[in-house]
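J.: For our numbering, count along the sequence shown from 1 and bump the result up by 2.
Just so you know, even glycine gets a beta-carbon here, dropped at the ideal spot from N, CA and C.
Questions regarding the structure given below will be posed in turn.
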Amino acid sequence: MWDRLVLWWWLDHLVVVAIAGFLALKVAPGSGLDALGRLNLADRRSVYTDLLQLTALFAGFGGVIFTIFIGLRSAKELMAKSRFGTDLLRVWLAALITPWVSAFAMVLAKVLDRGGVGSTNEARWLVVGATVLVAFQLLRIVWVFYQIAHIEMAPPMGPAIPQAQAPAVVKRRHARREASDVESQLPM
């Protein structure tokens, strides 16, 4: 089940839209569940900036992990890439693109949010949704990287190459030729 769930990266977007939409409709502005709504505008924008920095940090982290995976060249990793390549590439691309889309949503919310404490402006729910989406993608990318690490640590896939009991030694045998033999072979 988890394997299929990881491949359904688009499901995260639907879940986040449902959660953020439900909270925007059902939670009273400035109430206990509306933590951002209890802040004044300057403090709320400061939180948006902090969340934007964390999102950009995650985007960089995802890029580094993807680069490490692409660079792995062991037999097991090459087998995993050939077996799961297309599906894995889709998951990685979704995990790389999602933080940037979320960062854009956070910047948009920072621009659109004009209300004070307890404002009915719903832009803050966009930030909540974007943050939850980044958290989902972080969990997904860590799970995939964990699976890749298990592939690398697995025992060998086939029979092991036999080890020699003694080190291999190269012996060269040179035939000694007499000088007269060499001279007799020279063209006259």
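Just the C-alpha distance for Gly131 and Ile67, rounded to the nearest angstrom, thanks.
T.: Sequence index remark: in the sequence shown, residue 131 carries index 129 (1-based). Sequence index remark: in the sequence shown, residue 67 carries index 65 (1-based). Answer to the nearest angstrom: the Cα atoms are 24 Å apart.
J.: Helix, strand or coil for Trp10? Go by DSSP, reduced to three states.
T.: Here the question's residue 10 lines up with position 8 in the sequence shown. The three-state reading of DSSP puts Trp10 in coil, since its state is none of H, G, I, E or B.
J.: Where does Ile70 land, buried or exposed, given buried means 16+ other C-beta within 10 angstroms?
T.: Here residue 70 corresponds to residue number 68 of the sequence shown, with the count starting at 1. Exposed, by the Cβ-count rule.
J.: Using C-beta distances below 7 Å, list every residue in its chain close to Gly120, excluding the 5 sequence neighbours before and after it, in chain order.
T.: As a first step, residue 120 must be located in the sequence shown, where it is residue number 118. Closer than 7 Å at Cβ, skipping near neighbours: Pro31, Gly32, Gly39.
J.: Quick one: residues in its chain with C-beta nearer than 6 Å to the C-beta of Val18, no 5 flanking neighbours on either side, listed in chain order?
T.: Taking the first residue of the sequence shown as position 1, residue 18 is located at position 16. Correct list, in chain order: Gly131, Val134, Leu135.
J.: Measuring CB atoms only, is the region 96-113 touching the region 147-155, in the sense that at least three cross pairs come out at less than 8 Å?
T.: no
J.: Rank Arg126, Ala170, Ser76 by C-alpha distance to the C-alpha of Leu53 and give the top, closest one.
T.: Counting from one through the sequence shown, the residue named residue 53 turns up at place 51. For Leu53, the nearest C-alpha among the options comes from Arg126.
J.: Determine the burial state of Lys112: buried for a count of at least 16 other Cβ atoms within 10 Å of its Cβ, exposed for fewer.
T.: Residue numbering aside, residue 112 sits at position 110 when the sequence shown is read from its first letter. It counts as buried.
J.: Between which two residues does the alpha helix (DSSP H) carrying Arg92 extend?
T.: Along the sequence shown, read from residue 1 onward, the residue named residue 92 stands at position 90. Looking at the DSSP string, the run of the alpha helix (DSSP H) that includes Arg92 is 77-114.
J.: Pick out the complete beta strand (DSSP E) segments inside the region 16-75, 3 residues or longer, and give them in chain order.
T.: none
J.: Can you confirm whether Leu114, when its beta carbon is compared against all beta carbons of chain B, has any partner nearer than 9 Å?
T.: Among the protein chains of the structure shown there is no chain B, as only one such chain exists.
J.: Let me confirm a value: Trp94 is counted as buried when at least 16 other C-beta atoms fall within 10 Å, else exposed. Which label applies?
T.: Stepping through the sequence shown from its first residue, residue 94 is reached at position 92. It is buried - the Cβ of Trp94 has at least 16 other Cβ atoms within 10 Å.
J.: Which of the three DSSP states is assigned to Ala168 in this structure?
T.: Along the sequence shown, read from residue 1 onward, the residue named residue 168 stands at position 166. Correct three-state label for Ala168: coil.
J.: In whole angstroms, what is the alpha-carbon distance linking Leu98 and Ala37?
T.: Translated into positions along the sequence shown, residue 98 becomes position 96. Translated into positions along the sequence shown, residue 37 becomes position 35. Rounded to the nearest angstrom, the two C-alpha atoms are 28 Å apart.
J.: Pull up the distance between the alpha-carbon of Gly117 and that of Arg142, whole angstroms please.
T.: By one-based count along the sequence shown, residue 117 stands at place 115. By one-based count along the sequence shown, residue 142 stands at place 140. Whole-angstrom Cα-Cα distance: 34 Å.
J.: Could you check the C-alpha separation between Val29 and Phe60 for me, to the nearest Å?
T.: Counted from its first residue, the sequence shown places residue 29 at position 27. Counted from its first residue, the sequence shown places residue 60 at position 58. About 29 Å.
J.: When we look at the beta-carbon of Arg85 and count the other beta-carbons within 10 Å, is it buried (16 or more) or exposed?
T.: Residue 85 sits at position 83 when you count from the first residue of the sequence shown. When all chains shown are included, Arg85 counts as exposed.
J.: Measure the C-alpha to C-alpha separation of Trp102 and Ala82 and round it to an integer number of angstroms.
T.: On the sequence shown, position 100 is the one that residue 102 refers to. On the sequence shown, position 80 is the one that residue 82 refers to. Taking the straight line joining both Cα atoms gives about 28 Å.
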